[in-house]
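Residue numbers (my numbering), protein chains in the order written: chain S, 643 to 908; chain U, 643 to 908.
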Ligand SMILES: Nc1ncnc2c1ncn2[C@@H]1O[C@H](COP(=O)(O)OP(=O)(O)O)[C@@H](O)[C@H]1O
Ligand SMILES: Nc1ncnc2c1ncn2[C@@H]1O[C@H](COP(=O)(O)OP(=O)(O)O)[C@@H](O)[C@H]1O
Ligand code: SF4
Ligand code: SF4
Ligand SMILES: [Mg+2]
Ligand SMILES: [Mg+2]
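This is the structure in C-alpha cells:
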C-alpha cells in the first residue's frame, strides 16, 4: 500500500498547499511521509518547516560534490521528510533538467526513501517540457492527480495536462477541486472529471485559514488541527491512500470544454 | 509614448486576465494595442477572441516554413492584435527557447508591430530559466510589472521575480495587486511595494464577473463594460500608460518577507 503520487495543475491552483496539508494529515495519522518539491521556487515544504525555506539539492550540489542526506532532507511537522529540488539561478539555465539530477541524487544519498508509506511529488505548474514530466518518465511516480478549480483557465490547464499524460501513456488517479469560489464549482468539476473518464476524488473549499496559517508559516493541520478545513485535508488524505482507480483520461476538445464551462456560467 | 510592457507573477495570479482586460480597455480608448502571449498554454488572448484559441507561432512553424502574418496574428475585441507563441508538445522539448524563435518570427512577418501604442507581453509564471526572460534579455520589452496578491506564496514569487530582474539588470515599473480576498491585502501589497523600493500602481478587487465572463469566453470590458470591475481595468490601463517610474527593486530576504507577511496575518 505504498503510494508515490505527483500533483499537477495550473500554477497557483494550490498544489503546494494541498501537498503539504495532505502530507501533514497522513503524518498525523502515523504514516511515514516524504514530500519532494520539484518547483524551482522551492516553496512546497515551507509550511511544514515553520515558515523556513530549506537548502535545495541543486543549490547544495553547486557548492559541494558529495551531498549528504542531512544537507538536503529535513524533518518537518509530524516527521514528514522534506526535500526541495530547487532550480537554476533565476534568469539563467534550465529548470526541468534539474529535477532529474536531483532525484538521481536522492536515490544515491537516501535509497531507503522508498520505504515511506507516501511520497508526494509537488510538480511545477504546467507540463510544458520534457523536464517537468521527468518524475513520470523516469518511472519515479506511479500515480498522478490533477488539481483544478471551477474557473475556465484552471480547467483548461487541467485538460491540457491530461493531454500531456496521454502522450506519455500515464494514467490518472483522479481530479481534485480546490475551490476559488466560482459558481457551482463542485458540480462543474464533477462533470469535467466524469467527461474525461476520471472521477472527482476530493473537493477543498476556499478557506481563509489556509491563507492565514501560510502567512505565519504553517499548514492548517499544524496550526488549526481542529478546524473544518483540517478535517477536509484529513479526509482527502485518507481517500488518496485508499484510491486504487487509474484511468487513461480522454481530454476534451476546445469546443467541448467551452460548452461545459458556459453551461455553468449562470 | 509607446509602451512595451511585460507582466510577470506567480502562476495563476491573474496575468492573462489582467493583460487581456487592460488590452481591451486601451483599445476601447482608441489605442493601437498588441498582446503577445508567451505562455505555452496559449491562453492569454482567448477572452479577446470570443473564447477561441488561435494557432500559435510554434505550431504553425512546425507545419510550414514561411509563416505569414495572417497565420498567427489575429484581431480581437477592439482591434487588439493577438499573437500566441505556443509551446512544445506537452511532455517534450523546451518552452522558453520557443519564445525567442517566435519573437524573431514576429519581427520578420510584422516589422511594423512596433507602431502599436501598447504592446503587452504576457509571460509564463515564474522566472525559472533563461528562456522565460528572453523578451527582456533580447531587449524586446522596456517596462516590467509584477502581479501579486496579499497571500504569502504570490508575494514570495513576486519577491523572487524581482531578484531575477536585478540579476539581469532590469528595472521595475511597479507592482499590481490582484486580490484573492486575503486579509488587509491592499495595505500589505502597498507595504511590500514600498519596501522593495517600488510602488503599488494598481489594485484589482476579486470580482466574480471576471470568472463568469471568462467562462463565456470574454473580457469584462467586452461583456460587462459598465461594471465596476471594468472601470478598475480602465483606470489601471490609464495609469500604466502614464507611468514613467522605473526603479531597481531591492528584494526582501526570506526573514523580512516572513515578518511582513505575519504582520498582516490577523
Ligand atoms: N483551499 C484554499 N483556501 C484558501 N486559500 C488557498 C487554498 N488553497 C490554496 N490557497 C492559497 O492559494 C495560493 C496559491 O497556492 P499554492 O499552493 O502556492 O499553489 P501552486 O503550488 O499550485 O502554485 C496560496 O497563497 C494559498 O494560501
Ligand atoms: N480580479 C479577479 N477576480 C476574480 N477572478 C480573477 C481575477 N483575476 C483573475 N481571476 C481568475 O483567476 C484565474 C487565473 O487567472 P489567469 O489570468 O489565468 O492567471 P495567470 O495568467 O497568472 O496564470 C482565472 O480563471 C481568472 O478568471
Ligand atoms: S526542457 Fe523544460 S525545463 Fe528544460 S530548458 Fe526546456 S522548458 Fe526548461
Ligand atoms: S528548456 Fe525549459 S527550463 Fe530550460 S531554458 Fe529552456 S525553457 Fe527554460
Ligand atoms: Mg507550488
Ligand atoms: Mg496566463
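Positions of the beta carbon are idealized from the N, C-alpha and C atoms, including for glycine.
Distance CB(residue i)-CB(residue j) smaller than 9 Å
{"i": "residue 686 of chain U", "j": "residue 726 of chain U", "result": "yes"}
{"i": "residue 657 of chain U", "j": "residue 647 of chain U", "result": "no"}
{"i": "residue 760 of chain U", "j": "residue 841 of chain U", "result": "no"}
{"i": "residue 655 of chain S", "j": "residue 654 of chain U", "result": "yes"}
{"i": "residue 738 of chain U", "j": "residue 718 of chain U", "result": "no"}
{"i": "residue 871 of chain S", "j": "residue 851 of chain S", "result": "yes"}
{"i": "residue 721 of chain S", "j": "residue 667 of chain S", "result": "no"}
{"i": "residue 804 of chain S", "j": "residue 893 of chain S", "result": "yes"}
{"i": "residue 813 of chain U", "j": "residue 786 of chain U", "result": "yes"}
{"i": "residue 688 of chain S", "j": "residue 716 of chain S", "result": "no"}
Contact set for residue i: own chain, Cβ-Cβ below 6 Å, skip 5 residues either direction
{"i": "residue 847 of chain U", "result": "821"}
{"i": "residue 830 of chain U", "result": "792 and 906"}
{"i": "residue 626 of chain U", "result": "Residue 626 of chain U cannot be examined here, being either before or after the span of chain U that is shown, 643 to 908."}
{"i": "residue 788 of chain S", "result": "650, 651, 800, 803 and 817"}
{"i": "residue 860 of chain U", "result": "689"}
Alpha-carbon to alpha-carbon, residue j and residue i
{"i": "residue 680 of chain S", "j": "residue 752 of chain U", "result": "39 Å"}
{"i": "residue 714 of chain U", "j": "residue 896 of chain S", "result": "18 Å"}
{"i": "residue 888 of chain U", "j": "residue 794 of chain U", "result": "25 Å"}
{"i": "residue 690 of chain S", "j": "residue 865 of chain S", "result": "10 Å"}
{"i": "residue 873 of chain S", "j": "residue 855 of chain S", "result": "15 Å"}
{"i": "residue 809 of chain S", "j": "residue 816 of chain S", "result": "17 Å"}
{"i": "residue 678 of chain S", "j": "residue 862 of chain S", "result": "19 Å"}
{"i": "residue 882 of chain U", "j": "residue 843 of chain U", "result": "8 Å"}
{"i": "residue 758 of chain U", "j": "residue 723 of chain U", "result": "9 Å"}
{"i": "residue 867 of chain U", "j": "residue 879 of chain U", "result": "14 Å"}
{"i": "residue 835 of chain S", "j": "residue 651 of chain U", "result": "29 Å"}
{"i": "residue 837 of chain U", "j": "residue 904 of chain U", "result": "15 Å"}
{"i": "residue 885 of chain S", "j": "residue 645 of chain S", "result": "10 Å"}
{"i": "residue 845 of chain U", "j": "residue 828 of chain U", "result": "7 Å"}
{"i": "residue 869 of chain U", "j": "residue 671 of chain U", "result": "16 Å"}
{"i": "residue 683 of chain S", "j": "residue 665 of chain S", "result": "19 Å"}
{"i": "residue 832 of chain U", "j": "residue 832 of chain S", "result": "39 Å"}
{"i": "residue 754 of chain U", "j": "residue 875 of chain U", "result": "27 Å"}
{"i": "residue 802 of chain S", "j": "residue 811 of chain S", "result": "14 Å"}
{"i": "residue 853 of chain S", "j": "residue 659 of chain U", "result": "22 Å"}
{"i": "residue 756 of chain S", "j": "residue 781 of chain S", "result": "13 Å"}
{"i": "residue 749 of chain U", "j": "residue 675 of chain U", "result": "16 Å"}
{"i": "residue 779 of chain S", "j": "residue 826 of chain U", "result": "43 Å"}
Residue i: CB within 8 Å of a non-hydrogen atom of ligand 6
{"i": "residue 658 of chain U", "result": "yes"}
{"i": "residue 766 of chain U", "result": "yes"}
{"i": "residue 686 of chain U", "result": "yes"}
{"i": "residue 725 of chain U", "result": "no"}
{"i": "residue 812 of chain S", "result": "no"}
Cβ-heavy atom distance, residue i to ligand 1, below 8 Å
{"i": "residue 885 of chain U", "result": "no"}
{"i": "residue 826 of chain U", "result": "no"}
{"i": "residue 849 of chain S", "result": "yes"}
{"i": "residue 791 of chain U", "result": "yes"}
{"i": "residue 794 of chain U", "result": "yes"}
{"i": "residue 909 of chain S", "result": "Residue 909 of chain S cannot be examined here, being either before or after the span of chain S that is shown, 643 to 908."}
{"i": "residue 876 of chain S", "result": "no"}
Cut-off 7 Å between Cβ atoms - residues of its own chain near residue i, not counting five sequence neighbours on either side
{"i": "residue 628 of chain S", "result": "Outside the displayed range of chain S (643 to 908) lies residue 628 of chain S, so it cannot be described from this structure."}
{"i": "residue 824 of chain S", "result": "791, 792 and 793"}
{"i": "residue 797 of chain S", "result": "790, 834, 899 and 903"}
{"i": "residue 849 of chain S", "result": "871"}
Neighbourhood of residue i by C-beta distance below 8 Å, restricted to the same chain and skipping five residues each side
{"i": "residue 709 of chain U", "result": "699, 702, 703, 747 and 751"}
{"i": "residue 839 of chain U", "result": "889, 890, 891 and 892"}
{"i": "residue 858 of chain S", "result": "693 and 865"}
{"i": "residue 711 of chain U", "result": "751 and 752"}
Any non-hydrogen atom of ligand 2 within 8 Å of residue i CB
{"i": "residue 655 of chain U", "result": "yes"}
{"i": "residue 871 of chain U", "result": "yes"}
{"i": "residue 846 of chain U", "result": "yes"}
{"i": "residue 651 of chain U", "result": "yes"}
{"i": "residue 853 of chain U", "result": "yes"}
heavy atom of ligand 5 below 8 Å from residue i C-beta
{"i": "residue 683 of chain S", "result": "yes"}
Runs of beta strand (DSSP E) lying entirely within the stretch 714-755 of chain S, each at least 3 residues, in chain order | 723-726
Which runs of the beta strand (DSSP E) spanning at least 3 residues fall entirely within the stretch 768-830 of chain U, listed in chain order?
-> Runs of beta strand (DSSP E) with 3 or more residues, each lying fully within the stretch 768-830 of chain U, are found at 785-790 and 814-820, listed in chain order.
Whole beta strand (DSSP E) elements within the stretch 666-722 of chain U, 3-residue minimum = Unbroken beta strand (DSSP E) stretches of 3 residues or longer found wholly inside the stretch 666-722 of chain U: 675-679, given in chain order.
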